[in-house]
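Here's the structure, in C-alpha cells; my notes come after.
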Amino acid sequence: MWFRRDLRLSDNPALLAALDAARADGDGRVVPLFVVDPALWLPSGPVRLAYLDASLRALDASMGDALLLQHGDPVEVLPEVVRAAGATSVHVAADFGPYGRARDEAVEAALDVPLVRTGSPYAVAPGRVVKDDGTPYRVFTPFWRGWVRHGWRPPALHPGDVDWWTPMACDGYPAAPDVGELVLPPAGEAAALAAWAAYRESHLASYADLRNRPDLAGTSAMSHHLKWGEIHPRTMLGGLATRDEVFGKELCWREFYADVLAQSPSSARESLDRRFDEAMRWTDGSEAEAMLGAWRLGRTGYPLVDAGMRQLRAEGWVHNRVRMVVASFLVKDLHLPWQAGAREFMHWLRDADLASNAHGWQWTAGCGTDASPFYRVFNPVLQGLKFDPDGDYVRRYIPELRHLPGPSAHEPWKAPDGYTGGYPERVVDHAVERDAALADFTAIKATRA
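Here my numbering is used: the sequence shown runs in plain steps of one and ends on residue 481.
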C-alpha cells in the first residue's frame, strides 16, 4: 500500500483492496510505504512539511511504527520495495494532479506487477461530472447540481487488524523543518476525526450564518485534514443533514477545482482566460517588489488585509473570507498577478492544495471559472466592518492597533491616535486603484479571447 494523500486507515478503499489482495495471496501481509519524493518535498514550504511530518508520524503510530519511509524518485523506489517484499501488486488511491498522474504512469511502466488504483481523495473523482455533451464544467453551480445527482458511495469500512510488514531498512524521516514560533494543530487521523466530531456538535448548525466571520470560530478549519487525507470527504458528507447544504457546497468547491485542474493541467500556473497573462498591465520593477513585500508582511495599511497576511505567517492558515479579500487586494489594488499571491500561499499554508489554491486565486482575480468576479473588487475597509464588526480579528493579529476600540480598528486614519502604535499608513488609495483595475479589465475583455 503506497500512501500519498490518504494518511489514514479508516474509509480507505485502496487499503482495503491491498488487504484483500494480500489475503488472496495467502500470507495476508501488507507493506505500508510512503515515499519522500524530492520533486514534491524540496519545493514545499516549511509549514506544509512540518504538518506532513506530524501526520506521517501519527499514521506510523497507528500501525505500530511499521510505516516504511523511503527517499527518492518513486520510479526507482517502488520497484526496489516490490522486489524486496516479493509483492504481487501495488495499491494506491488515484491521483488526478498534473505531477501525480504523470508520476503514476511512469511508476506503472517501471513495475513488473500491477499498479492498482482504487478510490481517490474526492467523493466524486474528477472527470465523472460532465455536461450532457460530455464536456467539463467551468461554472460551479451547474457542476454542483451534477455532483449531487451523481452522488457518492458511503464511507468504506475500517480494515481492522492488518499484518503490516517492513521488508527492508527504512530511510526514516527527513530533518524536521524549522517553522519558528508558528504553532500547528494536532495532525493525524484521530485528530481529524475528533475535530470533525467536535465541529459537528458545536458549530455546524450555525455554519451558514457565521462562515464569513473571521473573528468567530464559524468554519470547520478541516482543510489541512482533507489535504492530507486524514479524513475523506465522504466521511464528512455522510454526517451532513439537509440543513447543512451550504457546508456541503464548500466540499463541492474543492472537488470542482480538482476537476478543472484535471481537465486543464496548465491552469495550475496559467490563467484559464489567457488574456490576463498576455495583455493585463501589471505593476513592475522596484514598485512591484515594494508592494509585494508590504502585502506579504501585512504592512499595507489596510487592517483586514494585514491581519490576514499576519495570520498566514502565524498559523499557516487564513480564514476563507479573508483569503478572498487579501487576494483581491493584491490583484486589483496593487495590480500584481495572481500567480505571485498563489506562490506565497503555497509556501505558507498548511492546507496548501494546488487545485484549490490556483483556482481560488483565479476566481477572485476574475480570470478563472465563474468569470464575473473581477467586477467584485473587495473594499477591504467595508469587508472588515461587515465581517469583523467589533475589530476583534484585526486586533488579534495587529498589536499596533490594539489601542483602538471596536470597529475603529478598521480605520486608524480616522482616529487621532490611530498611528501611535507604529502601524503603517495606506500604500495605495483603494478608490483610485479600483477604478484603474476595472478600466484595465474592460480593456482586455474587449480583446479577442
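From the three backbone atoms N, C-alpha and C, an ideal C-beta is built for every residue, glycine too.
With distances taken from CA atoms, which of the options is nearest residue i?
i    : options                   : result
A346 : G212, L41, A229 and D385  : G212
L269 : L100, L225 and D309       : L225
L368 : E319, L51 and Y289        : E319
V354 : W34, F410 and D402        : F410
L143 : P158, V114, G132 and R170 : V114
M378 : W349, S360 and G400       : W349
I263 : V139, E140 and S87        : S87
H462 : G271, G166 and G333       : G333
A141 : A374, E108 and A219       : E108
V464 : F361, P64 and A374        : F361
F35  : V122, A117 and D97        : V122
R286 : K259, L272, T274 and A374 : K259
A207 : G178, M33, L101 and G317  : L101
G438 : W228, E457, Q343 and K418 : K418
A273 : D92, A478, L236 and L344  : L236
F308 : L84, G454, G58 and G400   : G400
P187 : H256, L242, V156 and N244 : V156
A253 : N352, V358, L414 and R408 : N352
D92  : E221, S299, W380 and S440 : E221
E282 : L248, G317, S299 and N244 : N244
M323 : L414, V278, V460 and A469 : V460
W370 : T474, Q394 and D385       : Q394
D43  : G96, A125, L72 and E112   : A125
P412 : Y289, R275, R466 and P297 : R466
L242 : A468, L366 and D420       : D420
A469 : G453, F288 and R408       : R408
P146 : M33, G317 and E321        : M33
R133 : C284, P297 and F288       : P297
W197 : G96, E112 and F288        : G96
Residue i and residue j look like a contact to me (Cβ under 8 Å); what is the Cβ gap, rounded to whole Å?
i    : j    : result
D338 : R331 : 6 Å
G398 : L336 : Contact doesn't hold; Cβ gap of about 20 Å is too wide.
D195 : G60  : 5 Å
R135 : R266 : Contact flag wrong, Cβ pair sits at about 24 Å.
S238 : G250 : 7 Å
L41  : S94  : 6 Å
R232 : G271 : 6 Å
P199 : A117 : 4 Å
T120 : D164 : Not quite, the Cβ-Cβ distance comes to about 42 Å (not below 8 Å), so this is no contact.
M341 : V358 : 6 Å
A219 : V278 : So it is not a contact: roughly 27 Å between Cβ atoms.
When the distance is taken between beta carbons, is residue j closer than 8 Å to residue i?
i    : j    : result
D38  : H103 : no
V363 : T396 : yes
D69  : D105 : yes
Y131 : P246 : no
L110 : V139 : yes
A54  : V67  : no
A82  : L216 : yes
R313 : D472 : yes
G261 : P158 : no
D12  : H435 : Limits of the chain in this structure are 33 at one end and 481 at the other, which puts residue 12 out of reach.
P45  : G151 : yes
A28  : I476 : In the structure as shown, the chain begins at 33 and stops at 481. Residue 28 is therefore absent and cannot be evaluated.
A98  : P64  : yes
D383 : S255 : yes
V180 : Y169 : no
R427 : A441 : yes
Y205 : D85  : yes
Y451 : E443 : no
A3   : H190 : Residue 3 is absent from the model: the chain starts at 33 and stops at 481.
R80  : L381 : yes
L386 : G178 : no
For residue i, which beta-bridge partners are listed by DSSP?
i    : result
R375 : Answer is none; R375 lacks a bridge partner.
H190 : Note: H190 sits in no beta bridge, so no partner.
F308 : Paired residue(s): none; F308 is not in a bridge.
W196 : V62
W34  : L65
L366 : DSSP lists no partner for L366.
H123 : V148
L100 : L65
Any beta-carbon of chain E closer than 8 Å to the one on residue i?
i    : result
G392 : Among the protein chains of the structure shown there is no chain E, as only one such chain exists.
Would you say the beta carbon of residue i is closer than 7 Å to some non-hydrogen atom of the ligand COA?
i    : result
A390 : Questions concerning the ligand COA fall outside what the structure shown contains, since it holds no ligand whatsoever.
Can at least three beta-carbon pairs, one atom from the stretch 156-176 and one from the stretch 66-78, be found at a separation below 8 Å?
no
The stretch 290-309 in contact with the stretch 382-394 per 3-pair CB rule at 8 Å:
yes
How about the stretch 427-442 and the stretch 297-306: do they share at least three Cβ pairs that are nearer than 8 Å?
no
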